[in-house]
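What follows is a short report on a single structure.
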Amino acid sequence: MTAPLERALLCEPSGGDYAAAGWQGAPDLERLRREHSAFAELLVSLGVEVTVVPASEGLVDACFAYDPVLVTGRGAVELSLVKPVRRDEPARLIAALTELGVPCLGRIADGAFGDGGDMFWLDERTLAVARGYRTNRAAHEQLATLLAAEDAVIERFDLPHHRGPESVLHLMSVISPIADDLALVFEPLAPVPLLETLDERAIRRVRCHPDELERQGCNALAVRPGVLVMADTCPETRRVLEQAGCDVHVYAAGELNRGHGGPTCLTRPVLRS
């Protein structure tokens with residue numbers, strides 16, 4: 001999750017019914033696309049090879065490219081998203097990854113559903129997966145079978161109810177890996193077993209400022225260990241990260257934040273070295 005990011009896939013924002021998708025008001029589409037383009041340019045300036053998938057009208061959440069697929073050491077897994085307006089996204093992103101030479105290893109289906117935002121790699125062979133309103137038990141079972149082929153295992157972390165199924169609370173809403181031994185964490189909503197796992201692995205915690213969670217304060221993308229990209233709406237959390245020795249780069253996020261997603265959500269890493 002924090003090794004040097006070499007290649008990434010992004011999806012251009014589209015117009016559509018933002019209210020039905022739960023955005024915080026309709027964004028200015030032109031400004032939204034400018035912010036997204038500047039975000040892509042920032043990643044390129046940091047050494048990332050970026051591919052941008054053109055917008056698909058109506059898929060307003062598709063710009064959050066992390067959720068529809070899981071990328072492993074062998075290829076990509078097509079996920080199944082429970083949110084109705086996002087159900088066409090996984091196949092679309094798998095097609096884009098196939099064009100980039102990333103094979104599809106399989107898919108979760110038959111009543112299983114899971115968001116990429118509920119999944120992150122604790123190490124090369126351990127995938128942390130939430131159990132919550134966006135990811136169910138069947139997804140855990142099917143992912144475990146798919147990952148067994150590469151000797152990888154799942155570690156489950158249950159999420160709190162918080163604001164209920166209509167709200168977004170992913171596992172990665174409360175944690176962003178920063179380096180092998182450092183993570184940005186919002187402790188009040190983090191599963192206790194997750195905090196215990198970080199302690200067992202000697203991973204230190206930088207705490208997201210409590211007033212900045214809703215402004216994507218706990219959402220930071222590592223492009224290299226300790227080199228981060230985050231929204232410009234979280235100055236207090238940025239200050240704490242910099243005090244911890246991190247090199248923090250920010251992007252304008254006034255419109256992008258309306259969709260409840262930060263830089264990790266916007267980016268589907270394809271290759272880390």
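First residue of the sequence shown: 1, per this note's numbering; consecutive thereafter. Beta carbons: idealized from backbone N, C-alpha and C, even for Gly.
Asked: Assuming Arg-268 contacts Val-71 (C-beta within less than 8 Å), just tell me the rounded distance between them.; Found: 7 Å
Asked: Using a Cβ distance threshold of 8 Å, determine whether the segment 119 to 139 contacts the segment 160 to 177, with at least three qualifying pairs required.; Found: yes
Asked: Using 8 Å as the cut-off, can you tell me whether the segment 55 to 63 makes contact with the segment 110 to 125, which would need three or more C-beta pairs spanning the two stretches below that distance?; Found: no
Asked: Quick test of your reading: Thr-237 and Glu-212, contact by CB under 8 Å. State the CB separation rounded to the nearest angstrom.; Found: 5 Å
Asked: Which partner residues of Thr-104 appear in the DSSP bridge assignment?; Found: The question names Thr, yet the displayed sequence has Cys at residue 104. DSSP output for Cys-104 lists Ala-76 as bridge partner(s).
Asked: Which value, in whole angstroms, describes the spacing of the CA atoms of Leu-147 and Val-153?; Found: 6 Å
Asked: Look up Glu-150 in the DSSP assignment and say whether it is helix, strand or coil.; Found: coil
Asked: Around the Cβ of Asp-247, are there at least 16 other Cβ atoms within 10 angstroms (buried) or fewer (exposed)?; Found: exposed
Asked: Quick check on Leu-100: buried or exposed, where buried means 16 or more other Cβ atoms within 10 Å of its Cβ?; Found: exposed
Asked: Specify the secondary structure class of Thr-237 as computed by DSSP and reduced to three states.; Found: helix
Asked: Which partner residues of His-249 appear in the DSSP bridge assignment?; Found: Val-229
Asked: Of the choices Ala-222, Ala-202 and Ala-149, whose alpha-carbon is the least far from that of Arg-125?; Found: Ala-149
Asked: Excluding the 5 residues preceding and the 5 following Val-102 in the sequence, name in chain order all residues of the same chain whose CB lies nearer than 8 Å to its CB.; Found: Val-71, Gly-75, Ala-76 and Val-270
Asked: Can you tell me where the alpha helix (DSSP H) holding Asp-123 begins and where it ends?; Found: That residue, Asp-123, is in no alpha helix (DSSP H); its beta strand (DSSP E) goes 119 to 123.
Asked: CA-CA distance, Pro-276 and Asp-158?; Found: Nothing about residue 276 can be read from this structure; the chain reaches only from 1 to 273.
Asked: Determine the contact status of Glu-35 and Ala-253, defining contact as a CB-CB distance below 8 Å.; Found: yes
Asked: Quick one: Cα of Pro-160 to Cα of Val-129, how far?; Found: 14 Å
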